[in-house]
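Below: one structure, written as structure tokens.
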Amino acid sequence: MNLSKIEIIIDLIEDYKCIDSLSADSRLLENILDSFDLIALIDLLEQEFKLVIPIEEVVPENFHTPESISFLLEKLS
Amino acid sequence: MKFETNKLNLASIVAVIPEHYSTFDEEIKNYTQTEDSSRKLKEVMGYNKHHIVKHKTTVSDMGIRAINELLNLNNLLPKDIGALILVTQTPDYHIPPTSTIIHGSIGLDQDCFCIDINDGCAGFLKAISIVSGIISPTLNNVIVLTGDVLSRKTSKRDRNSFPLVGDGVAASLFRYSEVDLFLYGQIYHDGSGAHAIMIPAGGMKEPIHEEQLKEFTDNDGNIRAATNLVMRGRDVFNFTQSIVAPFLKEMYSIARDFMVKRVYIHQANEFIIKKIRQKLELDKVTLPSDVILNYGNSSSATIPISIVEDHNCSSDTGEIILISGFGVGLTWGAAFLKIDNNFKQLLIKGDF
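What follows is the structure, given as structure tokens:
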């Protein structure tokens, strides 16, 4: 597990949502990110980590928590 | 459903767009969400400007202008038109069909077949499937009029919907033509997602009364009423991701057999178009997407407006194009179409 990557992911989400309470296992799709936030987050992640997230990877299980996003980014990098 | 498109070609398109427009920068103050998040969405979704009607402009107001211009552009008389197929979700009235209002205003022949189709983003495809069934040497020059005035049914404080909605119509002329290729189209439905994009109140199921006109704040922070358009973003995105993108990938793999140079897809939003472009490994010339940035999403009219807006298209007369629509229903489809050798296009902006 790459903790620094998770921290960057958490920072990105907290900055975007103006919140300060996330952890690696925060359940993002339960009242934190709506579908439009998710789209914005994908763009932020692509810019930050300089990669492309293919549309087939934009599924709820890959964005469930900051940790699951980290696993996705590991897979794509 | 599969339908053949080898007995028709796309001869001409006239699009009519309202002159009046609004920009997302002007509208940000109307939304409850933070300005930073709205600005991020502007960049990702393509929220820029959208042309919307003033006052009580209807689809027939713009449609009559579009068809008259289409007739002039192609040296046709009203009696030459074999059928008028209107696709809209915003008819002038519940009764009568808006196509008959247009029929009367233009002075089309009594023998001209008229039909209204209640459909949105895949409606152009659905209309073409009907054209393919009726067009013949004796029933020729079929006009498909597509478009909406959905800004009139969308809350100006709904950031998920209003910035994307664009009003406008497109009149497309189809001519009978034997093509020596097996061209075809496909349309599919998944009615289990019928409520993903809807206007809950105003039909017979939920007639309008005082309670439904009251605005409320939804879970995403958008303020709207039951009489307004609502898009359940997660359902719509899941549909696009899991069904539309693989479907288009498959259709595009066939497109190479027809030497397709251009792909025109429904202009849902910039993010979706970008992701589909990535999946199909296409560039912006092959799969253009400026309509959402310049005009907004005018549902069934975005595909023909994309064709008109694409300046490169004029060099592709006589070529086969691939078009695809997806959205309300849920409905999705695609078709291969031949562009007429004398294809004529026009885009008019005006207020009514």
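Residue numbers (the working numbering), protein chains in the order written: chain A, 61 to 137; chain B, -17 to 334. C-beta: ideal position from N, C-alpha, C; glycine also.
Asked	Found
N- and C-terminal bounds of the alpha helix (DSSP H) containing ALA109/B	105 to 116
Residues of the segment 92 to 117 of chain B whose Cβ lies closer than 8 Å to any Cβ of chain A, in chain order	none
Beta-carbon neighbours of LEU23/B, restricted to chain A and to distances below 7 Å	PHE96 and ALA100
CB contact check: ILE258/B to chain A, cutoff 9 Å	yes
Coarse secondary structure for GLN223/B, derived from DSSP in three states	helix
Contact set for SER271/B: own chain, Cβ-Cβ below 7 Å, skip 5 residues either direction	GLN249, GLU252 and ILE255
Residue interval of the beta strand (DSSP E) (run including PRO79/B)	Here PRO79/B belongs to no beta strand (DSSP E), and DSSP marks it neither H nor E.
Own chain, CB closer than 6 Å to LEU165/B, minus 5 neighbours either side, in chain order	THR(-13), ASN(-12) and PHE318
Below-9 Å beta-carbon distance, MET27/B vs any chain A residue	yes
9 Å Cβ cutoff, GLU116/A in contact with chain B	yes
Cβ-Cβ separation, ASN122/A to LEU111/A (assumed contact under 8 Å), whole Å	The pair is not a contact, with the Cβ atoms about 13 Å apart (cut-off 8 Å).
Element boundaries [beta strand (DSSP E), containing GLY167/B]	166 to 171
Boundaries of the alpha helix (DSSP H) in which ILE289/B is found, first to last residue	284 to 291
Partners in chain A for LYS261/B, counting only beta-carbon separations shorter than 9 Å	PRO114, ILE115 and GLU116
Reduced DSSP secondary structure (H/G/I, E/B, other) of GLN107/A	helix
7 Å CB neighbourhood of GLY89/B in its chain, flanking five on each side removed	PRO60
Chain A within 9 Å of PHE253/B, Cβ atoms only	yes
In chain order, each alpha helix (DSSP H) run of at least 4 residues that lies wholly inside the segment 138 to 223 of chain B	192 to 195 and 215 to 221
Any C-beta of chain A under 9 Å from that of ARG47/B	no
Length of the line joining the Cα atoms of GLU127/A and GLY184/B	44 Å
Buried or exposed by the 16-neighbour rule on C-beta atoms within 10 Å, applied to LYS196/B	exposed
9 Å Cβ cutoff met for ILE179/B and MET213/B	yes
Classification of TYR75/B by the beta-carbon crowding that lies within 10 angstroms, buried from 16 upward	exposed
Per DSSP, the bridge partner or partners of ILE49/B	Paired residues: none, contrary to the question.
Selection of the segment 215 to 239 of chain B by Cβ proximity to chain A, strictly under 7 Å	GLY215, ARG216, PHE219, GLN223 and ALA227
Beta carbon proximity, ASP18/B to chain A, threshold 9 Å	yes
Contact residues within the segment 186 to 204 of chain B, judged by C-beta distance below 9 Å to chain A	ASN201, ASP202 and GLY203
Chain-ordered chain B contacts of ASP103/A [CB-CB under 8 Å]	LYS22, GLU25, VAL26 and PHE253
Euclidean distance between Cα positions of GLN168/B and TYR29/B	30 Å
Three-state secondary structure (DSSP) of TYR3/B	strand
Nearest candidate by alpha-carbon position, reference VAL(-4)/B, set ASP18/B, PHE221/B, ASN56/B and TYR13/B	ASN56/B
Supposed contact pair HIS85/B and GLY278/B - C-beta distance, whole angstroms, cut 8 Å	That belief does not hold up - the Cβ atoms of GLY278/B and HIS85/B are roughly 28 Å apart, past 8 Å.
Endpoints, the alpha helix (DSSP H) within which LEU259/B is located	The sequence given here places Arg at residue 259/B; Leu does not occur at that position. Start and end: 252 to 262.
VAL(-4)/B (DSSP reduced to helix, strand or coil)	strand
Contact set for SER87/B: own chain, Cβ-Cβ below 6 Å, skip 5 residues either direction	ILE46
Touch test, the segment 1 to 13 of chain B against the segment 94 to 104 of chain A, Cβ-Cβ under 8 Å, three pairs minimum	no
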